[in-house]
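Undergrad: Sequence lines, in order, name chains A and B.
Number 273 in the numbering used here belongs to position 273 of the first sequence; there are no gaps in the numbering.
To convert a position in the second sequence, counted from 1, into the numbering used here, add 1000.
Below is the structure I would like to discuss, written out as structure tokens.
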Amino acid sequence: MIPASFEYRRAGSVDEALALLRQDPDGTKLLAGGHSLLPLMKLRLATPGVLVDVGRIGGLSYVRDAGDHVAIGALTRHRDLETSDVARSEVPLLAHVAGQVGDPQVRHRGTIGGSLAHGDPASDLPAAVLALGGTLVVQGPGGTREVPVDGFFLGFLETALGPDEMLTEIRVRKGAAGWGFQKFNRRAQDWAIVGVAAVVGSDPRVALVNMGSTTVRARGVEEALAAGASPADAAARAAEGLDPPSDLNASTEYRQHLVTVLVRRALEGATTGRG
Amino acid sequence: MQVTVTVNGVPETHDVETRTLLVQYLREVRGLTGTNIGCDTTSCGACTVLMDGESVKSCTVLAAQADAHEIITIEGMAAADGTMHPIQQAFQEHHGLQCGYCTPGMVMAAASFLQEHPQPSEAEVREGLEGNLCRCTGYHNIVQAVLAAASPPEAVR
Ligand SMILES: Cc1cc2nc3c(=O)[nH]c(=O)nc-3n(C[C@H](O)[C@H](O)[C@H](O)COP(=O)(O)OP(=O)(O)OC[C@H]3O[C@@H](n4cnc5c(N)ncnc54)[C@H](O)[C@@H]3O)c2cc1C
Ligand code: FES
Ligand code: FES
């Protein structure tokens, strides 16, 4: 399978990428690791007229301790996040989740920026960043803006990014809070049928994979935890208000049940320090 | 567009269509047909090659993305005199293949994995090869081969 023809441009800097985007925002796509975009292009589900390869822009691959938060460059590959000392000690949830994405070959190519910008509810890293309460740094024609992750995922493959904008950095707060991650699938390498990223402590946040058209928070669970409920009691509310998809892997009802089990396990992992 | 890719130590420059995939470039432009196409959907790992030393699925990389990078394929593993790479030897000695279709990808994935995990456990080998499917062997002997290749050379039997 071969993608439809396109014009290939290479950006040497963020400014250059933005200038190239501006020429035809709707017909142009940024290419980072290509591990979401190229499969879609091979299936001709995406047929951009112009690809702007941002993969060689220097200085956008880093994991940095920035005081109260950790800053991650948008082009940081999953493998580099998984093995980063800063990520492992300051935001272990994120390092752990990066190591659960796909398989080693996928992790050698895919980037955190691409994963968030793609906005796939079946992806793992968006849930981790949502649970951590991150902020996304976005550059566009009007300059730089900071988007809280709570307002970033708008719909299926739809985010707050405009067609002429580029995600450049992801910030997640540091903290000693406990965390848990659960990913359920039937075969190695597969996407999660349902996944859960949980952070407990004074401000508990629980984010769910594949439980709707976007990455979502389990608000009922968070409320229950804040009111002092046990992991099991809080987890019972995990599917509240959610209408997950029915597909070849699982029905809606199956997911609604599975999520209660996985949230309980994630919360137990978070409170016992098992992860 | 023009791309210059160093494959198995040999740089060459060619004109390719922008949409050329790395695996097509290797097979059709460079004539290196050792790299197989299995699923063509980033799932099976048959097309795995090393890009700057790390395993990638070449059906999901553009030749344009490999421009100015170093690629190693299965043809680049044996020594110039034909002596097989220790991983290849281990696959032979431990019967890590039957039909052989997955083997080039397995060997390249194993090479990258062993760089990252020089002394792996069996569980780590199984997880480290999760991006590569084999329809014949049941994996057992592949795992044994990779474990053997990880040991110091004199221990490879
Ligand atoms: C076989 C396979 C298995 C996978 N399994 C999993 C899994 O289990 N869990 C999981 O979470 N993911 C999985 N993935 C997806 C993988 O994590 C992708 O790498 C990731 O989703 C996209 O990152 P990328 O850098 O490859 O983005 P690309 O494919 O290059 O881009 C994706 C989209 O984001 C846009 N984009 C990229 N970077 C930016 C930026 N900086 N600013 C604005 N827009 C941008 C692109 O224009 C495009 O629309 C899998 C992929 C494959 C092929
Ligand atoms: S052919 Fe590339 S992963 Fe199967
Ligand atoms: S040996 Fe036949 S697919 Fe692996």
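All residues carry an ideal CB built from backbone N, CA and C; glycine is no exception.
From the DSSP output, in three-state form, read off residue 1055 of chain B for me.
TA: Here residue 1055 of chain B sits in strand by DSSP.
Undergrad: Using a Cβ-Cβ cutoff of 8 Å, what residues of the region 162-192 of chain A are near chain B? List them in chain order.
TA: Cβ contacts with chain B: 188 and 189.
Undergrad: For residue 183 of chain A, I'd like the list of residues in its chain whose CB is within less than 6 Å of its CB, leaving aside the five on either flank, ordered along the chain.
TA: Once the five neighbours on either side are set aside, the close Cβ partners of residue 183 of chain A are 100, 192 and 195.
Undergrad: Determine the chain A residues that contact residue 1109 of chain B at a beta-carbon separation under 9 Å, and present them in chain order.
TA: The answer, in chain order, is 103, 104 and 105.
Undergrad: For the putative contact between residue 93 of chain A and residue 197 of chain A, defined by C-beta atoms under 8 Å, what is the C-beta separation to the nearest angstrom?
TA: With a Cβ gap of about 6 Å, residue 93 of chain A and residue 197 of chain A count as contacting.
Undergrad: State the beta-bridge partners of residue 207 of chain A as determined by DSSP.
TA: A/197 and A/217.
Undergrad: With DSSP collapsed to three states, give me the class of residue 1156 of chain B.
TA: Because residue 1156 of chain B carries a pLDDT of 44, less than 50, the predicted location of this residue cannot be relied on, and no value is offered for it.
Undergrad: If you draw a straight line from the C-alpha of residue 145 of chain A to the C-alpha of residue 35 of chain A, how long is it?
TA: Whole-angstrom Cα-Cα distance: 26 Å.
Undergrad: For the putative contact between residue 189 of chain A and residue 1131 of chain B, defined by C-beta atoms under 8 Å, what is the C-beta separation to the nearest angstrom?
TA: Their Cβ separation, rounded to whole angstroms, is 6 Å, which keeps residue 189 of chain A and residue 1131 of chain B in contact under 8 Å.
Undergrad: Could you please give the first and the last residue of the uninterrupted alpha helix (DSSP H) stretch that includes residue 263 of chain A?
TA: Where residue 263 of chain A is concerned, the enclosing alpha helix (DSSP H) stretches over 252-272.
Undergrad: Buried or exposed: where does residue 1078 of chain B fall if 16 or more other Cβ atoms within 10 Å of its Cβ makes it buried?
TA: Exposed, since its Cβ has fewer than 16 Cβ neighbours within 10 Å.
Undergrad: If you reduce the DSSP assignment to three classes, tell me which class residue 1130 of chain B lands in.
TA: Coil.
Undergrad: Between residue 84 of chain A and residue 257 of chain A, what straight-line distance do the alpha-carbon atoms span, to the nearest angstrom?
TA: When rounded, the distance between both Cα atoms is 35 Å.
Undergrad: From this set, A/131, A/185, A/214 and A/171, which residue's C-alpha is nearest residue 222 of chain A's C-alpha?
TA: Of the candidates A/131, A/185, A/214 and A/171, the one whose C-alpha sits nearest the C-alpha of residue 222 of chain A is A/131.
Undergrad: If you count every other CB in all the chains shown that lies within 10 Å of the CB of residue 1010 of chain B, and 16 or more means buried, which is it?
TA: When all chains shown are included, residue 1010 of chain B counts as exposed.
Undergrad: In chain B, which residues lie less than 9 Å from residue 53 of chain A when you measure between Cβ atoms?
TA: Within chain B, the residues near residue 53 of chain A are 1062, 1064 and 1065.
Undergrad: Rounded to whole angstroms, how far is the Cβ of residue 3 of chain A from the Cβ of residue 28 of chain A, which I believe are closer than 8 Å?
TA: Wrong, their Cβ atoms sit about 15 Å apart, outside the cutoff.
Undergrad: Taking the alpha-carbon of residue 1091 of chain B as reference, which of B/1148, B/1003 and B/1031 has the nearest alpha-carbon?
TA: Minimum Cα distance to residue 1091 of chain B is reached at B/1148.
Undergrad: Pull up the DSSP beta-bridge partners for residue 71 of chain A, would you.
TA: Answer by DSSP bridge pairing, in chain order: A/64 and A/171.
Undergrad: So with Cβ pairs under 7 Å, would you call residue 109 of chain A a contact of chain B?
TA: Taking Cβ atoms only, chain B reaches closer than 7 Å to residue 109 of chain A, which makes this a yes.
Undergrad: Output, in chain order, the set of chain B residues within a Cβ distance shorter than 9 Å of residue 8 of chain A.
TA: Residues of chain B passing the Cβ test: 1001, 1018, 1019, 1062 and 1064.
Undergrad: Flag residue 1046 of chain B as yes when its Cβ comes closer than 6 Å to any non-hydrogen atom of ligand 2, and as no otherwise.
TA: Yes, since a heavy atom of ligand 2 falls inside the 6 Å radius drawn around the Cβ of residue 1046 of chain B.
Undergrad: Closer than 8 Å, Cβ to Cβ, to anything on chain A: give me those residues from the region 1037-1054 of chain B, in chain order.
TA: The residues in question are 1040, 1041, 1042, 1043, 1045, 1048, 1051 and 1054.
Undergrad: Could you name the residues of chain B that residue 78 of chain A contacts, counting a contact when the two beta carbons are closer than 9 Å?
TA: Per Cβ cutoff of 9 Å: no residues; residue 78 of chain A is ~12 Å from chain B at best.
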